[in-house]
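Counting from 5, one number per residue, gives the positions in the sequence shown under the numbering used here. Worksheet: one structure, shown below.
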Amino acid sequence: MSEDSVLQVEALRVGFETAGGFLRAVDGVSFEIRKGEVLGMVGESGCGKTVTALSLLRLLPHPPAVVEGGRALFHGRDLLTMPLQELRQIRGGKIGMIFQEPMTALSPLHRIGDQLVEAARLHRSMSHDEAWALGLDWLKRVGLPDPVQRMTDWPHQLSGGMRQRVMLAMTLLPEPELVIADEPTTALDVTIQAQIFELLLNVRGGDTAVLLITHDMGVVWDVCDRVHVMYAARLAEKGSRDTVFNRPAHPYTRGLLAAMPRLHQTAERLPDIPGQLPSLAHPPPGCRFAPRCPLVQDVCRVQAPAMRELAPGHDVACWMAEGDGKKLENHV
Ligand SMILES: Nc1ncnc2c1ncn2[C@@H]1O[C@H](COP(=O)(O)OP(=O)(O)OP(=O)(O)O)[C@@H](O)[C@H]1O
Ligand SMILES: [Mg+2]
């Protein structure tokens, strides 16, 4: 654990009771988020990114969700077991969230200004007037047109994009130490959401860390300091952005990068990784990527590789990876 760690997640395991049996959506995931950094979490649809994020703040419906184990230490306090009252103070305060359905974050029954005032005073002690001024200031910072007018508007008077800006203002106003931003995959407003992410990164305070959940490697390259690659409920690789992009050690990471559309290249993007994500209710034994892996060996099919350090700050869960990438090169 580094000194500037904001959140330390250890061996997180989360599952769902489903009609088809127990489905483990997060299986022993460990990572930390450091002060001021942008940490990208990537992986194919259904690999467990959103469940990881929601479980950290205990926002999953229970049942069917069950947090089976692990810890999420925030200033030494475990978010997963602390009293709910304490967690409510942290949620929307020290830890902000921008989730896939942000519209639910605003109450249709209260004017914008009143909601901003409430958010400010919930987490910081200040007078109504100070909170109003702070709210207005944040509407300006997020680039909402006519901010003075908007303070007295109702949410339904704003466009979807405007509401997202208000939501961003509300998230950043308590000066969170961490913002968890989960990219939509199916929402219609993907473009607007991309603008909101950009805005988040530009207007957040320098000390605010961001956990950016996406499956867009292009976004990761543009804005992230470090990258964690998730595959079938487990982490496959962790490293700095430059290391992961320049010396990817896991064959899955290599596949993701190969499938990325290249800049300045007119050719069609390369084919995606053949095959599909295994069922999380009935995962294959051994390495979960083995059925799709071009380097698969016997050991991969029977024993899951543990996450191990290849180089300082670069970890991989793959039997075939070596620090200098040689073993991979010899096979690919
Ligand atoms: N409420 C639920 N009940 C049962 N299974 C669920 C529930 N929510 C999520 N899951 C399952 O958990 C697994 C992980 O889902 P998750 O939403 O975390 O994926 P994701 O990586 O965020 O994907 P995407 O990129 O599409 O957002 C999936 O198999 C999903 O079907
Ligand atoms: Mg998701």
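Heads up, the beta-carbon is just placed ideally off N, CA and C, and yes, glycines get one too. Computed from a prediction, not measured in an experiment: that's the story for all the values here.
For the stretch 221 to 236 and the stretch 34 to 49, state whether three or more C-beta atom pairs, one from each stretch, are separated by less than 8 Å.
-> yes
Can you tell me which of the three DSSP states Glu313 falls into?
-> In this structure, Glu313 counts as strand in the three-state DSSP scheme.
First and last residue of the beta strand (DSSP E) that includes Lys242?
-> Boundaries of the beta strand (DSSP E) harbouring Lys242: 238 to 244, taken from the DSSP string.
Looking at C-beta atoms only, is the number of pairs between the stretch 152 to 171 and the stretch 108 to 121 that lie closer than 8 Å three or more?
-> yes
Would you call the CB atoms of Ala263 and Cys291 closer than 7 Å?
-> no
Does at least one heavy atom of ligand 1 sit under 6 Å from the Cβ of Ser49?
-> yes
In the DSSP assignment, find the unbroken beta strand (DSSP E) run with Ala185 in it and report its ends.
-> Element bounds for Ala185: 182 to 186.
May I ask you to check if the CB of Lys98 is nearer than 6 Å to at least one heavy atom of ligand 1?
-> Checking every heavy atom of ligand 1 against the Cβ of Lys98, none is found closer than 6 Å.
Would you list the one or two residues that DSSP bridges to Val320?
-> The secondary-structure analysis by DSSP pairs Val320 across a beta bridge with Glu241, Arg312.
Consider the C-beta atom of His254 and the heavy atoms of ligand 1; say whether any pair is separated by less than 6 Å.
-> no
Which term fits Ser59, buried or exposed, when burial requires 16 or more other beta carbons within 10 angstroms of its beta carbon?
-> buried
CB of Thr54 to nearest heavy atom of ligand 4: below 6 Å?
-> Of the ligands one can find in the structure shown, namely ligand 1 and ligand 2, none is ligand 4.
In the structure shown, what three-state DSSP assignment does Arg81 receive?
-> The answer is strand: DSSP assigns Arg81 an E or B state.
If you draw a straight line from the alpha carbon of Ile217 to that of Leu182, how long is it in whole angstroms?
-> 13 Å
Whole-angstrom Cβ separation of Leu177 and Trp142, contact assumed at under 8 Å?
-> 5 Å
Pro255 to Pro298 span [Cα, whole Å] | 8 Å
What is the residue span of the beta strand (DSSP E) that Met234 lies within?
-> 230 to 235
Just the Cα atoms here: how many angstroms apart are Leu138 and Leu11?
-> 27 Å
Could you tell me which residues DSSP puts in a beta bridge with Leu43?
-> Leu215, Arg230
Within the present structure, is the beta-carbon of Pro68 separated from the nearest heavy atom of ligand 1 by less than 6 Å?
-> yes
Assigned secondary structure, Leu11 (DSSP; H/G/I helix, E/B strand, else coil) = Strand.
Would you please state the rounded distance, in angstroms, between the beta carbons of Pro180 and Gly97? I believe it to be under 8 Å.
-> 7 Å
Any non-hydrogen atom of ligand 1 within 6 Å of Leu284 CB = yes
Local conformation of Val33 per DSSP, three classes | strand
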